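Engineer: One structure is given below, represented as structure tokens, and several questions about it will come after.
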Amino acid sequence: MADDLKKAIRSRQARVGIIGLGYVGMPLALAAAEAGFPVVGLDTSRELLARLRKGMHESVDLDQRSLRKFIRDKAIRVTHQPEVIRDCDIVCICVPTPLTANQEPVLDYVKEASRVVASALGRRSRRQVLVILESTSFPGTTHDVVLPILERGGANLCREFHLVFSPERIDPGNKKWTLTNTPKLVGGERKCCTALGASFYRQFVQEVITLSSPAAAEMAKMLENVFRAVNIALANELWMMCDRMGLDVWEVIEAASTKPFGFMPFYPGPGLGGHCIPVDPFYLAYKAREFDFLSEFIELAGKINMNMPYFVLEMIARSLDKVHKSVRGSKVLVLGVSYKNDVGDTRNSPAIKIIQLLRTRGARVIYHDPHVPELPIEGGVMRSVALTAQLLAKVDLVLIHTAHTGVDYRMIEDCEALVVDTRNVLKRRG
Ligand SMILES: NC(=O)c1ccc[n+]([C@@H]2O[C@H](COP(=O)([O-])OP(=O)(O)OC[C@H]3O[C@@H](n4cnc5c(N)ncnc54)[C@H](O)[C@@H]3O)[C@@H](O)[C@H]2O)c1
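Mapping the sequence shown onto this note's numbering, position 45 (from 1) lands on 29, and the numbers just tick up by one.
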């Protein structure tokens, strides 16, 4: 039966089911469809499905025209009905893995998606099914959480199904490194699982790297994101230190970067955002505690990064102080509210915290972001304002939070308002 699945993968006739059609699932669905696989996408959000049926999606990396064509031609079918998973030969789980308010992992979405697959496995008598977890989580999730759910209905590993973990590594907005040319890690429960997983991804990813277990692949993904979180924390700490010493941290980093070996630049900023870097270190630290291991280094990085919006608030207060103004009553324009440049994703964006802090201190806050027309915040909705010289004449301070390209920074340089530049955009322009 494994041979049938192998053949179906190689001939690209295997039916692919994607559970969760967000930033990770939908690009994967499109890549599989472009490779020739028939694809069905399952999502619980009716709103997302309605937008998808019109060929619209939040991800900046998706070729919208291609998406529209595949949906119109029914090469990708999208639905909220979990029964569609019964007909799939390959199922990729791409659901969210967020944190609770107390920074603890929430695996409910992964468990629910696994139950959908388990129920589908119970109703199959034909080919085996390859189940892939792509959602990021701590080492052990595939083996200790997903596998028992799949087995609960009586299905057996390597007989009725195969199971692998293959982390998504996309960097939203990155034009050079995409889903197809970024090497893909695949770690299976057994060798036969790894081989099938690798064979699937080789149909549309240039390089596939196999690992000895799902846990090794899960840990590799954790390392990648913790590496970024820790190094950004170091850059942030250095920024706060340089600020106190009267030094320009960006000048210092550029100078250190001229060393051709043993150094890799990371840059400070207003805090961490997005779905991965601020979240994943907490997943790893949580799992480590189960082994009586306190990951002080990782938790310290989290603490420093979480403190950055407060540091930005202090910089704003200090700037206003110099011209005998206070935060209370000042009009502050936040330039860019997404968590990184040239994308519209505001999940965990430090801009949200900074706006809340400014409002608490009595400031009147407005924002401009070409990628974010509306920002839900504190139970209300803020709307992006047009960036004009007239507007700038009316604000006391401009906070450059996100360094989007295509913003008229010359207008900011020329305006009378104070500027706090957390991205060094103005100096970089020279
Ligand atoms: N966004 C990124 O850049 C990125 C990069 C690498 C890894 N990841 C990881 O990938 C996973 C998914 O992230 P994302 O950014 O795509 O999330 P997302 O929120 O954009 O998309 C997840 C989708 O899953 C749907 N969903 C939730 N439960 C479901 C269920 N039971 N059945 C069907 N659909 C369901 C939601 O409605 C949502 O549309 C997370 O674990 C994340 O950490 C994300």
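We put the CB at the ideal spot given by N, CA and C, even for glycine. Please read all numbers here as calculations on a predicted model, not as lab measurements.
Considering only C-alpha positions, which residue in the set Asp405, Leu36, Lys95 is nearest to Pro252?
Structural biologist: Comparing Cα positions, the closest option is Asp405.
Engineer: List the whole-angstrom C-beta distance separating Ala15 from Leu163, where the pair is believed to meet the contact cut-off of C-beta under 8 Å.
Structural biologist: Right, their Cβ atoms sit about 5 Å apart.
Engineer: Looking at the unbroken alpha helix (DSSP H) that takes in Asp398, where does it start and where does it end?
Structural biologist: Note, Asp398: alpha helix (DSSP H), 393 to 398.
Engineer: Output the distance between the C-alpha atoms of Ala139 and Ser103, rounded to the nearest integer angstrom.
Structural biologist: So the two alpha carbons sit approximately 10 Å from each other.
Engineer: Using the C-alpha atoms, what's the distance from Val44 back to Ala200?
Structural biologist: Answer to the nearest angstrom: the Cα atoms are 30 Å apart.
Engineer: For the 8 Å Cβ check, are there 3 or more pairs between the stretch 335 to 344 and the stretch 383 to 400?
Structural biologist: Short answer: they touch.
Engineer: What do you reckon, is the C-beta of Val356 under 7 Å from a heavy atom of ligand 1?
Structural biologist: No; taking the cut-off as 7 Å, the Cβ of Val356 has no heavy atom of ligand 1 nearer than that.
Engineer: With DSSP as the reference, label Met292 as helix, strand or coil.
Structural biologist: Of the three classes helix, strand and coil, the one that applies to Met292 here is helix, per DSSP.
Engineer: Should His388 go down as buried or exposed, given a rule of 16 or more other Cβ atoms within 10 Å for buried?
Structural biologist: By the neighbour-count rule (16 or more Cβ atoms within 10 Å), His388 is buried.
Engineer: Return the first residue and the last residue of the alpha helix (DSSP H) that Asp(-12) is part of.
Structural biologist: -14 to -6 is the extent of the alpha helix (DSSP H) around Asp(-12).
Engineer: Can you tell me whether Pro360 is buried or exposed, with buried defined as 16 or more other CB within 10 angstroms of its CB?
Structural biologist: By the 10 Å Cβ count, Pro360 comes out exposed.
Engineer: Under the rule that 16 or more other beta-carbon atoms within 10 Å means buried, what is Pro198, buried or exposed?
Structural biologist: With 16 or more Cβ atoms within 10 Å of its Cβ, Pro198 is classed as buried.
Engineer: Please report the Cβ distance between Glu18 and Cys76, rounded to the nearest whole angstrom; I am assuming they are in contact, meaning their Cβ atoms lie under 8 Å.
Structural biologist: Rounded, the Cβ-Cβ distance is 15 Å, inconsistent with contact.
Engineer: For my contact list, Asn325 and Ala213 are in at a C-beta cut-off of 8 Å; report their separation, rounded to the angstrom.
Structural biologist: Contact doesn't hold; Cβ gap of about 18 Å is too wide.
Engineer: Using beta-carbon positions only, say whether Ile237 and Pro249 come within less than 8 Å of one another.
Structural biologist: Yes.
Engineer: CB-CB under 8 Å to Thr84, same chain, minus the five flanking residues each way: which ones, in chain order?
Structural biologist: Once the five neighbours on either side are set aside, the close Cβ partners of Thr84 are Val90.
Engineer: Over what stretch of residues does the alpha helix (DSSP H) that includes Glu235 continue unbroken?
Structural biologist: Start and end: 233 to 241.
Engineer: Taking only heavy atoms of ligand 1 into account, decide whether any of them is closer than 7 Å to the Cβ of Arg30.
Structural biologist: For ligand 1, not one heavy atom lies less than 7 Å from the Cβ of Arg30.
Engineer: Assuming contact is defined by CB atoms lying nearer than 8 Å, are Ile354 and Gly390 in contact in what I supplied?
Structural biologist: For clarity, residue 354 is Pro in the given sequence; the question names Ile instead. It is a contact, given that the beta carbons lie within the stated cut-off.
Engineer: Is any heavy atom in ligand 1 found nearer than 7 Å to the beta carbon of Gly4?
Structural biologist: Yes; taking the cut-off as 7 Å, the Cβ of Gly4 has a heavy atom of ligand 1 nearer than that.
Engineer: Rounded to the nearest angstrom, how far is the Cβ of Thr78 from that of Gly157, given a contact under 8 Å?
Structural biologist: Checking the displayed sequence, the identity of residue 78 turns out to be Cys instead of Thr. Going by Cβ atoms, the distance from Cys78 to Gly157 rounds to 19 Å, so no, they are not a contact pair.
Engineer: Kindly indicate which three-state DSSP category His127 falls into: helix, strand or coil?
Structural biologist: The answer is helix: DSSP assigns His127 an H, G or I state.
Engineer: Any heavy atom of ligand 1 within a distance shorter than 7 Å of the CB on Pro254?
Structural biologist: Outside the cutoff, so no.
Engineer: Using only the alpha-carbon positions, how far apart do Lys411 and Asp232 sit?
Structural biologist: Cα to Cα, the separation comes out at about 11 Å.
Engineer: Is it the case that the CB of Arg70 approaches a heavy atom of ligand 1 more closely than 7 Å?
Structural biologist: For ligand 1, not one heavy atom lies less than 7 Å from the Cβ of Arg70.
Engineer: Report back the beta-carbon spacing between Val170 and Leu195 to the nearest angstrom; my notes put them in contact at under 8 Å.
Structural biologist: Indeed, because the Cβ distance is near 7 Å, the residues count as touching under 8 Å.
Engineer: Report yes if the CB atom of Lys56 is closer than 8 Å to the CB atom of Val24, and no otherwise.
Structural biologist: For clarity, residue 56 is Arg in the given sequence; the question names Lys instead. Against a cut-off of 8 Å, the Cβ pair of Val24 and Arg56 comes out as no contact.
Engineer: Suppose you measure from the CA of Ser98 to the CA of Asp128; what does that come to, to the nearest Å?
Structural biologist: If I take the Cα positions, the gap works out to 12 Å.
Engineer: Taking the alpha carbon of Asp73 as the reference point, which residue from Arg345, Glu88, Ile116 has its own alpha carbon closest?
Structural biologist: The shortest Cα separation from Asp73 among Arg345, Glu88, Ile116 belongs to Ile116.
Engineer: For Asp(-12), is the classification buried or exposed, using 16 other Cβ atoms within 10 angstroms of its Cβ as the cut-off for buried?
Structural biologist: Asp(-12) should be labelled exposed.
Engineer: Can you tell me the Cβ-Cβ gap for Glu362 and Ala377, rounded? I've got them flagged as a contact below 8 Å.
Structural biologist: 28 Å between Cβ atoms; not a contact.
Engineer: For His259, would you say it is in contact with chain E, using Cβ-to-Cβ distances shorter than 8 Å as the test?
Structural biologist: Of the chains in the structure shown, none is chain E; there is only one protein chain.
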